[in-house]
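Note that UniProt numbering has the sequence shown beginning at 1, numbered continuously upward.
Only one structure is covered here, and it is reproduced in the block below.
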Amino acid sequence: MSSVTSLGSRNERWWRERGRKFMRKDKEVSQFLDRLATLCWGKGDSRSAKPRLPPILKFTVEPSRALSAVIPDFNTTAAPIRPLLDGGTGRPSSLCLTAAATTAASRGEVLPESSLSMSIPHLATPPPQSQVHTRVAESWCYTQVKVVKFSFTWTISNFSFRHEDVGEALQSSAFSAEANDKLKWCLKLYPEGQYEDSKDYLSLFLLLVSCNKSEVHAKFKFSIIDAKKEETKLMESQRAYRFVQGKSWGFTKFVARDFLLDEANGLLPDDKLTLYCEVSVVVDTVNISGQKNVNQFKVPKCQLSGDFGCLFESQKFSDVILSVNSHELYAHKAILAARSPVFKAMFEHEMEEKKQNHVEISDIDHEVLREMLRFIYTDQTPHLDKMAKDLLAAADKYALERLKVMCEEALCSNLSVETVTEVLILADMHCADQLKAHVIDFINMHITDVIETLGWKTMIRQQPHLIAETIRALTTQSFHRM
1 MSSVTSLGSR NERWWRERGR KFMRKDKEVS QFLDRLATLC WGKGDSRSAK
51 PRLPPILKFT VEPSRALSAV IPDFNTTAAP IRPLLDGGTG RPSSLCLTAA
101 ATTAASRGEV LPESSLSMSI PHLATPPPQS QVHTRVAESW CYTQVKVVKF
151 SFTWTISNFS FRHEDVGEAL QSSAFSAEAN DKLKWCLKLY PEGQYEDSKD
201 YLSLFLLLVS CNKSEVHAKF KFSIIDAKKE ETKLMESQRA YRFVQGKSWG
251 FTKFVARDFL LDEANGLLPD DKLTLYCEVS VVVDTVNISG QKNVNQFKVP
301 KCQLSGDFGC LFESQKFSDV ILSVNSHELY AHKAILAARS PVFKAMFEHE
351 MEEKKQNHVE ISDIDHEVLR EMLRFIYTDQ TPHLDKMAKD LLAAADKYAL
401 ERLKVMCEEA LCSNLSVETV TEVLILADMH CADQLKAHVI DFINMHITDV
451 IETLGWKTMI RQQPHLIAET IRALTTQSFH RM
């Protein structure tokens with residue numbers, strides 16, 4: 001039940017002051033709020049004023065009906081009113097008048113008692129807990145829709161020299177969310193428009209090249225990277241579209257050709273058109289269901305990683321010492337052997353390390369070795385980003401495949417024109433095939449910039465087989481685009 005609460009002069013001042021703040025924004029709304037204050041407290045702004053009408057505080061949240069009875073064009077005026085009514089609490093408020101109250105308000109008369117109901121968040125108090133009824137279902141279902149989001153950049157050099165006919169398209173290389181993903185996508189660009197009615201525009205589409213499902217649903221966003229390296233002319237799908245193999249969705253009028261070619265707009269720096277695409281694909285839908293269990297058990301979270309981390313840091317019960325550059329790290333043979341085939345072979349056979357319980361390591365830095373051991377014990381690498389190159393070599397040496405791929409991923413996410421050749425050499429040296437493939441793709445996308453770097457020129461002299469492999473990949477991709 002709603003309770004009647006008297007509002008003192010402090011609340012009157014609060015209401016009138018906020019009404020004045022809206023004077024510059026909307027005079028009609030401000031006058032109405034001042035009229036409400038007058039109806040409740042009378043005329044004037046006296047601190048001794050007593051409420052003429054005790055408003056009824058409610059907990060119902062009905063902002064759409066709050067002022068519609070009194071203020072014309074409520075939908076347009078509601079936006080500035082709601083922050084005023086909320087009082088900064090973030091909780092919606094409501095204010096409702098009966099038909100009789102509306103008539104009285106229009107005449108400037110005093111409202112009859114109980115005809116006005118207001119919800120003021122900073123004054124109202126929540127109902128007692130005993131009055132709150134929460135409905136708990138005996139069984140339930142949660143549908144989890146897994147969405148994978150990835151991006152792709154396509155750069156076309158000397159774009160102003162392109163003179164395709166209407167309906168003639170350029171097609172990018174295929175890309176996907178992951179290296180082994182069966183869903184392959186590409187961008188399809190019509191420089192002169194797809195149809196006659198769009199010949200003054202560039203038409204841009206997202207095409208599903210190959211798919212292992214009957215259909216997939218995806219959203220997409222297109223933009224142009226301008227001379228400031230910022231996204232512009234952004235267009236995106238408003239819903240998830242149904243894609244089947246060979247089907248494309250996009251925009252026939254993506255950007256006006258005259259606007260694009262105008263140098264003042266900065267969309268073709270060095271005559272290069274750089275298109276940026278973000279794709280969000282639904283990859284799986286899972287229903288998780290269950291039933292209410294009267295005797296619910298709270299199972300503690302798994303502490304295995306933390307417990308093994310403490311074991312490593314404490315050095316308790318250690319039975320082997322790893323020495324590197326006069327530093328010693330204490331470890332446990334069983335854990336090292338369980339995680340690394342190299343350590344397993346070392347401790348299984350009659351090697352010096354097994355006899356002496358001491359392993360000398362000369363080609364790994366002390367901090368890198370410590371980080372590798374932390375991964376062996378906890379499966380975590382807090383300093384992966386800054387140690388990725390050295391950890392990749394260590395992971396390769398001790399056959400830690402998961403750590404190796406984690407290093408590949410970290411290196412791939414930080415590729416640049418200046419560092420790409422160094423990473424390519426590293427990937428080749430340690431048989432990091434996934435990283436190598438990504439690096440070659442990156443080089444092919446930025447080939448004109450990469451070949452000007454000192455690293456590329458050095459690689460021509462010292463690793464010519466990598467140059468040949470990169471050019472072969474570039475030639476293959478160009479052939480597939482034809």
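Backbone N, C-alpha and C define an ideal beta-carbon position, used for all residues, glycine too.
Which residues DSSP lists as bridging H217, in chain order: BP columns for H217 point to R242.
C-beta contact flag for I425 and M459 at 8 Å: Yes, Cβ-Cβ distance for I425 and M459 is below 8 Å.
E192, buried or exposed, once every other Cβ within 10 Å from all chains shown has been counted against 16: When all chains shown are included, E192 counts as buried.
Cβ contact (3+ pairs, closer than 8 Å) linking the segment 444-459 and the segment 415-432: Yes: the two stretches touch, three or more of their Cβ pairs being nearer than 8 Å.
Cβ-based burial, F205 [other Cβ within 10 Å; buried from 16]: Per the 10 Å Cβ criterion, buried.
Continuous beta strand (DSSP E) stretch holding G250: start and end: Segment 248-256, the beta strand (DSSP E) holding G250.
Neighbour-count burial assignment, R339, 16 or more Cβ in a 10 Å radius: Taking all protein chains in view, the Cβ of R339 is crowded by 16 or more other Cβ atoms within 10 Å, so the residue is classified as buried.
Backbone secondary structure at S362 - three-state DSSP: It is coil, neither helix nor strand.
Identified DSSP bridge partners for S151: The partner list for S151 (beta bridge, DSSP) reads E278.
Cβ contact (3+ pairs, closer than 8 Å) linking the segment 173-181 and the segment 232-250: Below 8 Å, too few C-beta pairs join the segment 173-181 and the segment 232-250 to call them touching: fewer than three.
Beta carbon of L392 nearer than 8 Å to that of H430: Going by C-beta atoms, L392 is nearer than 8 Å to H430.
Close beta carbons around S305, own chain, < 7 Å, minus the five adjacent residues each side: Taken in chain order, the residues that qualify are T378, D379, Q380.
L85 - DSSP class collapsed to helix/strand/coil: Residue placement at L85 cannot be trusted, given a pLDDT of 44 that sits under 50; what the coordinates show is reported in the next sentence. The three-state secondary structure of L85, taken from DSSP, is helix.
8 Å CB neighbourhood of K436 in its chain, flanking five on each side removed: So the list reads L424, A427, D428, once near-sequence residues are dropped.
Beta-carbon gap between L411 and K397 smaller than 8 Å: The answer is no: Cβ separation not under 8 Å.
Pairwise C-alpha distance: V282 and L189: Between L189 and V282, the C-alpha separation is close to 24 Å.
Cβ-based neighbour list, T285, same chain, cut-off 6 Å, excluding 5 preceding and 5 following: Close CB contacts of T285 within its chain, under the 6 Å cut and outside five residues either way in sequence, are with V145 (chain order).
Contact under 8 Å by Cβ, A218 with F243: Yes, they are a contact pair.
Reduced DSSP category for L400 - H, G, I as helix; E, B as strand; rest coil: L400 carries a coil assignment under DSSP once its states are collapsed to helix, strand and coil.
Given F251 as reference, the closest of L261, C277, H465 once Cα atoms are compared: Taking each of L261, C277, H465 in turn and checking the Cα distance to F251, the smallest one comes out for C277.
contact_flag[the segment 158-177, the segment 302-319] where n(CB pairs < 8 Å) is 3 or more: No, because fewer than three Cβ pairs between the segment 158-177 and the segment 302-319 fall closer than 8 Å, the two stretches do not touch.
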